[in-house]
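Chemist: Same order as they appear, the protein sequences are chains W and S. For the first sequence, position 226 matches number 328 in my numbering, and the numbering has no gaps at all. For the second sequence, position 43 matches number 54 in my numbering, and the numbering has no gaps at all. Built from N, CA and C at the ideal position, the CB exists for glycine as well. Just so you know, these numbers come straight off a predicted model, no measurement behind them.
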Amino acid sequence: MLKILLRGVLLMLLTGAVNATPAFVFTAIPDQDETQLKQRFQKVADYLQQELDTEVRFIPVKSYAASITAFRNNQVQLAWFGGLSGVQARELVPGSRAVAQGVEDPVFKSFFIANTSAGLSPADHLPESLRGLTFTFGSKGSTSGRLMPEYNLREQFGISPDELFSRVGFSGNHSRTIALVESGAYQVGALNYKVWETAVAEGKVDTSKVQVIWETPTYPDYQWTVRGDLDAAFGEGFTARLEKALLGMKDPELLNSFPRSGFIPASNQDFEPVRKVAKQVGLLD
Amino acid sequence: MSSTKILSLPRYRWPGGVRTSLWFLLIALICLPFADLEISSLDPWSEMGRLLQGVISPQLMDSGLIFEALLATLAFAFAGVALAVVCGFLLALAFHHTFIRAICALTRSIHELFWALIFLQFFGLHPLTGLLAIAVPYSGIFARMYAEILGQVPKHPEYALPAGSGFFSAILYTRLPQAWPHLVSYTSYRLECGIRSSAILGFVGLPTLGYYLESSFSQGYYPEVAGLMILFYLLIATKKVWLRRWTLPLFLLGAPFFMGTGLPIIWGNVGRFFSEDIVPAPLRSGEANWQSLADWAGTIVIDQALPGVWNTLLLSQIALVVTGLFALLFFPLINRYCFGVAGRFPGHVFLVIARSTPEYLLAYILLQLLGPSMLPAVIALAIHNGALIGYLTGRNSNEIQLRPDAPERQLDRYFYELLPRSYPAFLSFMLYRWEVIMRETAILGILGIHTIGFFVDSAIQEIRFDVALLLILVAAMMNILVDLLARRIQRHI
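(1) Which residues of chain W have a Cβ atom closer than 9 Å to the Cβ of VAL215 (chain S), listed in chain order?
(2) If we ignore side chains and look at the alpha-carbon of each, how far apart do ILE454 (chain S) and PHE465 (chain S) end up?
(3) Is it buried or exposed, TYR321 (chain W), if we count other Cβ atoms within 10 angstroms and call 16 or more buried?
(4) Excluding sequence positions up to five away, which residues of its chain have a Cβ less than 7 Å from the Cβ of GLU225 (chain S)?
(5) Contact criterion: CB-CB distance below 8 Å. Does LEU235 (chain W) meet it with respect to chain S?
(6) Which of the three DSSP states, helix, strand or coil, is assigned to LEU136 (chain S)?
(7) Would you identify the three-state DSSP class for ASN217 (chain W), choosing helix, strand or coil?
(8) In the DSSP assignment, what are the bridge partners of PRO367 (chain W)?
(9) DSSP state of THR309 (chain W), grouped into three classes?
(10) Measure the Cβ-Cβ separation of MET489 (chain S) and THR323 (chain S) and say whether it is below 8 Å.
(11) Would ASN280 (chain S) pass as an interface residue toward chain W - the criterion being a Cβ-Cβ separation below 8 Å?
(12) Reducing DSSP to helix, strand and coil, say where LEU492 (chain S) ends up.
(13) Is TRP388 (chain S) close to chain W, meaning its C-beta is less than 8 Å from at least one C-beta of that chain?
(14) Residues of chain S with CB under 8 Å from LEU194 (chain W), in chain order?
(15) Which residues in chain S have a C-beta closer than 7 Å to the C-beta of THR156 (chain W)? List them in chain order.
(16) So ASP133 (chain W) and ASN358 (chain W) are in contact, right, with Cβ under 8 Å, and what is the actual spacing, rounded?
(17) Would VAL127 (chain W) count as contacting chain S if we go by Cβ distances under 8 Å?
(18) Let me know if ASP226 (chain W) comes out buried or exposed under the rule of 16 or more other beta-carbons within 10 Å of its beta-carbon.
(19) So, with DSSP's three-state summary, where would you put LEU20 (chain S)?
(20) Kindly list, in the order they appear in chain S, the residues whose Cβ is closer than 7 Å to that of GLU136 (chain W).
(21) Out of W:ARG362, W:GLN382, W:GLN313 and W:PHE373, which has the shortest C-alpha to C-alpha gap to ALA216 (chain W)?
(22) SER285 (chain W) and GLU58 (chain S): beta carbons closer than 8 Å?
(23) Residues in its own chain within less than 8 Å of ILE448 (chain S) by CB, not counting five upstream and five downstream?
(24) Assuming GLU157 (chain W) and ALA130 (chain W) are in contact, meaning their beta carbons sit under 8 Å apart, how far apart are those beta carbons, in whole angstroms?
(25) Would a check of beta-carbon distances place MET114 (chain W) closer than 8 Å to chain S?
(26) Can you tell me where the alpha helix (DSSP H) with PHE179 (chain S) in it begins and where it stops?
(27) Mind checking whether SER408 (chain S) and PHE350 (chain S) have CB atoms under 8 Å apart?
(28) Tell me the rounded alpha-carbon separation between PHE365 (chain W) and ALA292 (chain W).
(29) Sort S:GLY231, S:ALA144 and S:MET156 by Cα distance to TYR197 (chain S) and report the nearest one.
(30) Taking its Cβ as the centre, do 16 or more other Cβ atoms sit within 10 Å of TRP126 (chain S), making it buried, or is it exposed?
(31) Using a C-beta cutoff of 8 Å, does GLU159 (chain S) count as contacting chain W?
(32) Would you report the Cα separation of LEU172 (chain S) and SER433 (chain S), rounded to the nearest angstrom?
(33) If I measure Cβ to Cβ from MET114 (chain W) and keep anything under 7 Å in the same chain, skipping five residues before and after, which residues do I get?
(34) Going by C-alpha distance, which of S:ASP494, S:HIS503, S:GLY27 and S:ARG502 is nearest ARG112 (chain S)?
(35) Please report the distance separating the alpha-carbon of GLY216 (chain S) from that of ILE170 (chain W).
(36) Would you decide whether LYS166 (chain S) is buried or exposed? Buried here means 16 or more other CB atoms lie within 10 Å of its CB.
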């Protein structure tokens, strides 16, 4: 009995180390409610599995950094990154490339939202009365929930968010930002405009309590990024087929779950503005 | 000479324990104005209402998934603690070496969540990450406690050993048998801690209960949260039923099979982490010199380490005193001179629930309700640790034999009899807990309070592991210093 069990343990350790069949694994930044992400990316996994004729798994992670690390460590080979996380990941993995982005992604934007009790109204610039209020970003590594809002705040006020607001928090993701500003835990917040629009359309937001007060100028955001060494691991021409499959996502249900109207080609160069801003803000060396 | 001494009036001296306590109280009061203790949530009651609604209508999500998570929680706890018992025991045998002592102090001063965040960087979401995150700090903890326990047993049986008996024979035949019951009871207590740690590791992505708790919580699915929490309490409360001498081997052998498969380890990543990632940025760039290294470290210390240390100190000193007050309030609940058997039952239930709920989880819940400030963290730390110390003090106070002239009124009995006589034990539990509270305070920063964990988390999110490691080491140094200080105070009381 003991011997059998010991053998079992040994076998498990061995198979863990050898890892015979390489499955194609991908991940995504956890930028909104996990249930929604799981539904969306399980559809993507099924679609890719069919198109590529190989086993495809989606692995959910708990933080932006974890998705970058998994990509860097070659534990996932493909990832749906934000602008900033994509730039960070590609700097760490030589040869990796941005291959596809949503039609909306080259001209993405962030919304600043405020609890109505703060007495702010929509305008074409951020109001002076923002000073001294409480404010929440999304995740620390988010482009639309952190980097671009922080950049715009610094541009308009010339000081850091910590100096501008009486309290600065990080909600964790865009859905939480809506919830926290709606509940009044923070008076103002900034988030991905797509998440806001979807939540409003689905009736998940009480717009009598929270409203959009400003939108940022546009910037490039989300994209699919692949590692450069895929062909060596999965066979010649795999990357090309993957790119074709990603750009060929046409199923309206699939596209709606992102939500994007379609996918178009992307290149590393497209995200150069994000990299510059990240350096300026101090999130990249 | 002696006659003048007799004539001078005897001056009242506060007992050592009371003076120490008053110092701690004073420090906490000084900290108070600097701490941010605001309730920033506009409407904490409606959120609280939703949470309570969840509690009365608990729900289990996909039961297969939850069962797997439950098994994984146990698996990581058993495997991690078992590995730590072996390593800790071996280290305890060599604990007289300063080097071993220092290594153990370092490993246990770093919180298991920090260890998990470190291992995640190169093992990724592999079972080894969770296993080592528990085993490494627990080894250091076991080493110290085992060494203390083995050192306290009477030495006389050793003199009866035949001449020429070696070190190991002495341990095996004289120390171990005497120390055995204490070793077992301490290890069993630690196993319970291990289950809590294992559950919390889910918050960073390992497949334990915390994984689903975090998911349900962050989406506001309170009935699911309640379901998971009840399951967790049942697991801890029924420990005596499922953990027997004969089931232990089953759990240990089964553990490796239920930790999930995760993603395969790529060993090159390990080398990269140690040779590149954690090397300070200026040393990586090639043209390194002392000046650039000093600038780098200076900036981190001023912008991140100092504010982090300051907030950690503020929060932990306040939390320590509130913990003490809670413990003194809680312990009579289970004291036999205060309540009858039936009267003590609710007290026991409350203390079990409060001390089984990890601080991290409590703080997470309270942050949702009260909004971001130090207040939720203080309450969370005080409830968990207060319940634990209250339980220990209460158990201790049940050993007291009342004096024949002990007061009849319960309140008098508490203040004139139970409190003074339980106080020394209470204070030594508190001093021991001080370091734990400091370590937990640091980690609560991950939830957004600006203690040192906040800055560690930011560095990790910015993929700056050199900075993260430096800050983790700063946190470790704080804990080691507090530990040394606590033991000094303990000796002088």
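Modeler: Straight from the coordinates:
(1) LYS164, SER165 and ALA168
(2) 8 Å
(3) buried
(4) GLY213 and PHE214
(5) no
(6) coil
(7) strand
(8) W:ALA202
(9) Correct three-state label for THR309 (chain W): coil.
(10) yes
(11) yes
(12) DSSP places LEU492 (chain S) in helix when its eight states are reduced to three.
(13) Residue identity differs from the one stated: residue 388 (chain S) is Ala in this sequence, not Trp. Look at ALA388 (chain S): its C-beta is not under 8 Å from any C-beta on chain W.
(14) ILE474
(15) Residues of chain S passing the Cβ test: none, with the nearest at roughly 16 Å.
(16) The pair is not a contact, with the Cβ atoms about 17 Å apart (cut-off 8 Å).
(17) yes
(18) exposed
(19) Correct three-state label for LEU20 (chain S): coil.
(20) SER226 and GLN230
(21) W:GLN313
(22) yes
(23) SER327, ALA330, LEU331, THR334, LEU392 and ASN396
(24) Going by Cβ atoms, the distance from GLU157 (chain W) to ALA130 (chain W) rounds to 18 Å, so no, they are not a contact pair.
(25) At MET114 (chain W), the pLDDT of 49 sits below 50, so the modelled position is not reliable; the number obtained from the coordinates is stated separately. Yes, MET114 (chain W) counts as interfacial toward chain S.
(26) 178–181 is the extent of the alpha helix (DSSP H) around PHE179 (chain S).
(27) In this structure, PHE350 (chain S) does not lie closer than 8 Å to SER408 (chain S) by Cβ.
(28) Rounded to whole angstroms, PHE365 (chain W) and ALA292 (chain W) show a C-alpha spacing of 25 Å.
(29) S:MET156
(30) Buried, since its Cβ has 16 or more Cβ neighbours within 10 Å.
(31) No, GLU159 (chain S) lies away from the interface with chain W (no Cβ there is under 8 Å from its Cβ).
(32) 40 Å
(33) In this prediction, MET114 (chain W) has a pLDDT of 49, which is less than 50 and means its spatial position is unreliable; what the coordinates show is noted afterwards. There are no such residues.
(34) S:ASP494
(35) 14 Å
(36) exposed
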